[in-house]
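Here the protein sequences line up with chains A and B, keeping their order.
Residues in the first sequence are numbered consecutively from 112, following the numbering used here.
Residues in the second sequence are numbered consecutively from 112, following the numbering used here.
Reviewing the structure listed below.
Protein chains: 2
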Amino acid sequence: MAEHVKRWRVDGSKAVHLHDVDTRSRDGAPGGKHHTRAATEPLVERLAEMQNRLWAEQQRSLLLVLQAMDAGGKDGTIRKVFTGVNPQGVRVASFKAPTTHELAHDFLWRIHREVPGRGEIGVFNRSHYEDVLIVRVEELVPEPVWQGRYAHIRHFEDLLADAGTTVVKVFLHISKDEQAERFQARLDTPEKRWKFSAADLDVRAKWDRYQEAYEDAINETATERNPWYVVPADRKWYRDWAILQILLGTLEDMDPQYPDEEEGLDQVVID
Amino acid sequence: MAEHVKRWRVDGSKAVHLHDVDTRSRDGAPGGKHHTRAATEPLVERLAEMQNRLWAEQQRSLLLVLQAMDAGGKDGTIRKVFTGVNPQGVRVASFKAPTTHELAHDFLWRIHREVPGRGEIGVFNRSHYEDVLIVRVEELVPEPVWQGRYAHIRHFEDLLADAGTTVVKVFLHISKDEQAERFQARLDTPEKRWKFSAADLDVRAKWDRYQEAYEDAINETATERNPWYVVPADRKWYRDWAILQILLGTLEDMDPQYPDEEEGLDQVVID
């Protein structure tokens with residue numbers, strides 16, 4: 112893995128403390144907003160190229176798990192990072208409150224159905240981590256149940272890794288002040304107002320408990336093989352640039368190859 | 112529906128004869144290759160905007176069914192038309208030879224699972240139409256079985272329409288000579304060579320039978336509500352421009368709206 116993405120990486124070797132991470136960091140960026148945005152454009156093109164190779168190879172897959180507080184930038188990240196990549200090989204799954212049918216199964220059942228197939232990049236907008244986040248803070252199941260889920264998650268992600276799926280887990284880390292600004296912007300902008308719900312404020316009121324749940328979830332499930340990345344995300348231009356660095360670093364390590372051609376094609380004549 | 116897309120539209124009011132359609136047509140294009148490519152760029156942006164509205168509305172969906180002979184441009188169309196649209200609201204499903212598990216069900220079972228949900232644009236790269244195309248030509252089921260499927264398809268698409276899914280079926284119409292050129296290009300280009308299989312030549316040898324099967328499938332299932340579009344596709348720049356015209360004309364007719372905001376938001380204070 113490229114050296115420069117290690118600044119965001121959490122791999123279980125030591126615990127991360129979220130309040131020690133500066134959400135306004137611009138650590139490692141090629142410059143300020145203008146320069147970094149300009150430096151980000153060719154990265155999107157590079158991602159499109161790497162995705163094309165992954166798709167052609169049809170052997171392995173990449174799963175990007177995106178988690179964040181409300182207004183943390185999950186939708187914006189997907190739009191900025193993946194618009195420009197051929198949608199044929201990208202599959203986005205958004206997990207909302209589970210349905211009755213989904214609740215009738217174990218918590219990984221609906222997740223498992225959506226993991227990317229060979230050649231695909233999968234993007235999870237929220238994920239199985241909600242089952243140790245909102246479920247914990249809102250006390251939707253007893254503590255021993257959500258505590259037991261960390262191990263289930265580790266085993267599930269190992270299963271994916273063994274099948275050729277590289278799992279990249281990203282926490283978009285924003286400050287409480289930044290969330291307030293973004294909520295206000297939604298309220299003030301007519302075409303964004305539908306994104307805001309008064310219920311968002313109930314969750315905001317439990318900010319510290321959510322941060323604690325995130326910190327535990329990350330530390331409990333970050334491994335060398337299936338690491339987390341804590342990305343400072345108050346600055347959207349930094350966030351997009353950082354995630355592209357992480358994805359490209361991961362794909363370059365995977366190094367997907369165009370498949371060999373069929374034998375005997377040299378003699379083919381088309382008439 | 113906008114007047115200018117009617118040139119490609121087949122709605123059951125009169126039969127289409129594929130051999131009468133000029134695959135090299137540039138009918139209605141704003142100019143030659145250079146001009147038309149330039150005129151196509153803002154259409155992609157417009158599609159991204161309309162998709163955003165459809166996604167925000169969360170009430171209806173659009174399903175683009177793409178069918179073509181091998182090398183007819185299905186993959187290229189998806190890349191050109193949808194790269195630039197937020198992948199969060201676009202779901203591409205590619206149907207290959209059915210698995211044993213899929214064959215253990217009716218032919219629409221695997222298709223139904225992949226139809227777009229509310230707010231989504233679905234793209235089918237091949238589809239249920241293969242069950243009256245390759246299945247017919249290769250005699251994989253008896254004639255009464257595939258004959259009976261036309262009615263099943265009409266009923267299935269009516270079901271989708273009743274649920275708010277607008278189905279747009281496109282046949283990318285290329286000539287046999289154009290296919291030969293594209294196969295040759297695949298053979299001659301190292302990074303495209305893996306796309307070519309000697310088995311493609313067996314299908315090519317049955318060109319006329321496939322054209323007949325396509326013509327019947329289109330005429331049997333084209334209705335006012337769920338029309339087909341026969342798009343001349345030898346010229347890729349014309350094809351991309353035409354498909355964007357069709358999609359935008361359809362979405363403008365649908366006219367998706369940003370949802371109303373929750374009531375009482377004017378009093379909200381974020382602290």
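C-beta atoms are modelled at their ideal positions from N, C-alpha and C, and glycine is treated no differently.
Report all residues from its chain with a CB closer than 7 Å to the CB of residue i; omit the five preceding and five following residues, and keep chain order.
i: glycine 183 of chain A; result: Leu283, Ile285, Ala344
If we cut at 8 Å on Cβ distances, does residue i have a partner in chain B?
i: alanine 182 of chain A; result: no
i: proline 367 of chain A; result: no
i: proline 209 of chain A; result: no
i: arginine 224 of chain A; result: no
i: arginine 350 of chain A; result: no
i: alanine 167 of chain A; result: yes
i: serine 124 of chain A; result: no
i: arginine 221 of chain A; result: no
i: glutamate 363 of chain A; result: no
i: glutamate 79 of chain A; result: Residue 79 of chain A lies beyond the residue range present for chain A, which begins at 112 and ends at 382; the question has no answer from this structure.
i: tryptophan 305 of chain A; result: yes
i: valine 203 of chain A; result: yes
i: glutamate 331 of chain A; result: no
i: alanine 272 of chain A; result: no
i: alanine 291 of chain A; result: yes
i: glutamate 156 of chain A; result: no
i: glutamate 160 of chain A; result: no
Would you decide whether residue i is buried or exposed? Buried here means 16 or more other CB atoms lie within 10 Å of its CB.
i: histidine 145 of chain B; result: exposed
i: serine 413 of chain A; result: Because chain A here runs from 112 to 382, residue 413 of chain A falls outside it and cannot be looked at.
i: lysine 191 of chain A; result: buried
i: glutamate 231 of chain A; result: buried
i: glutamate 335 of chain B; result: exposed
i: threonine 188 of chain B; result: buried
i: tryptophan 318 of chain B; result: exposed
i: leucine 270 of chain B; result: exposed
i: glutamate 249 of chain A; result: exposed
i: leucine 251 of chain A; result: exposed
i: threonine 151 of chain B; result: buried
i: alanine 149 of chain A; result: exposed
i: arginine 135 of chain B; result: exposed
i: proline 198 of chain B; result: buried
i: glutamine 170 of chain B; result: exposed
i: histidine 239 of chain A; result: buried
i: glutamine 378 of chain B; result: exposed
i: leucine 214 of chain A; result: exposed
i: lysine 306 of chain A; result: buried
i: proline 255 of chain B; result: exposed
i: glycine 233 of chain A; result: buried
i: glycine 259 of chain A; result: exposed
Just checking: is the beta-carbon of residue i within a distance shorter than 8 Å of some beta-carbon in chain A?
i: leucine 376 of chain B; result: yes
i: proline 229 of chain B; result: At residue 229 of chain B the sequence reads arginine, which differs from the proline that was named. Arginine 229 of chain B does not count as touching chain A.
i: valine 196 of chain B; result: yes
i: asparagine 337 of chain B; result: no
i: phenylalanine 235 of chain B; result: no
i: isoleucine 381 of chain B; result: yes
i: isoleucine 189 of chain B; result: yes
i: glutamine 199 of chain B; result: yes
i: glutamine 322 of chain B; result: no
i: leucine 298 of chain B; result: yes
i: leucine 186 of chain B; result: The sequence shown places aspartate at residue 186 of chain B, rather than the leucine named in the question. Cβ-Cβ to chain A under 8 Å: yes for aspartate 186 of chain B.
i: glutamine 295 of chain B; result: yes
i: arginine 148 of chain B; result: no
i: alanine 309 of chain B; result: yes
i: glutamate 302 of chain B; result: yes
i: phenylalanine 193 of chain B; result: yes
i: glutamate 241 of chain B; result: no
i: proline 141 of chain B; result: no
Return the chain-ordered list of same chain residues with a C-beta closer than 6 Å to the C-beta of residue i, the five sequence neighbours on each side being excluded.
i: lysine 267 of chain B; result: Here residue 267 of chain B is phenylalanine; the residue named in the question, lysine, does not match the sequence. Only Leu219 meet the Cβ criterion.
i: alanine 126 of chain B; result: Asn330
i: aspartate 311 of chain B; result: Asp181
i: isoleucine 357 of chain A; result: Val116, Tyr340
i: glutamate 114 of chain B; result: none
i: threonine 147 of chain B; result: Ala140, Pro141, Trp348, Trp352
Output needed for residue i: all residues of its chain with C-beta closer than 8 Å, excluding positions within five of it in sequence on either side, in chain order.
i: arginine 237 of chain A; result: Leu177, Gln178, Lys185, Ser205, Phe206, Lys207
i: proline 338 of chain B; result: Arg120, Val121, Asp122, Gly123, Val279, Lys280
i: leucine 154 of chain A; result: Trp352, Leu355, Gln356, Leu359
i: tryptophan 257 of chain A; result: Asp242, Val243, Val246, Arg247
Q. Of all the residues that make up the stretch 253-264 of chain B, which are near chain C by a beta-carbon distance shorter than 9 Å?
A. Absence of chain C from the displayed structure is noted, the protein chains being A and B.
Q) Are the stretch 212-226 of chain B and the stretch 156-163 of chain B touching, with three or more C-beta to C-beta distances below 8 Å? A) Not touching, per the Cβ criterion.
Q: Could you name each continuous alpha helix (DSSP H) segment of 4 residues or more that falls completely within the stretch 234-264 of chain B, going from the start of the chain to the end?
A: Residue ranges of uninterrupted alpha helix (DSSP H) with 4 or more members, entirely inside the stretch 234-264 of chain B and ordered along the chain, are 245-248.
Q. Pairing CB atoms from the stretch 139-155 of chain A with CB atoms from the stretch 345-365 of chain A, are three or more of them under 8 Å?
A. Yes, they touch.
Q: Just list the alpha helix (DSSP H) runs in the stretch 282-340 of chain A, keeping only unbroken ones of 4 residues or longer that don't cross its boundaries, in chain order.
A: Scanning the stretch 282-340 of chain A for uninterrupted alpha helix (DSSP H) segments of 4 residues or longer gives 287-299, 310-315, 318-332, listed from N- to C-terminal end.
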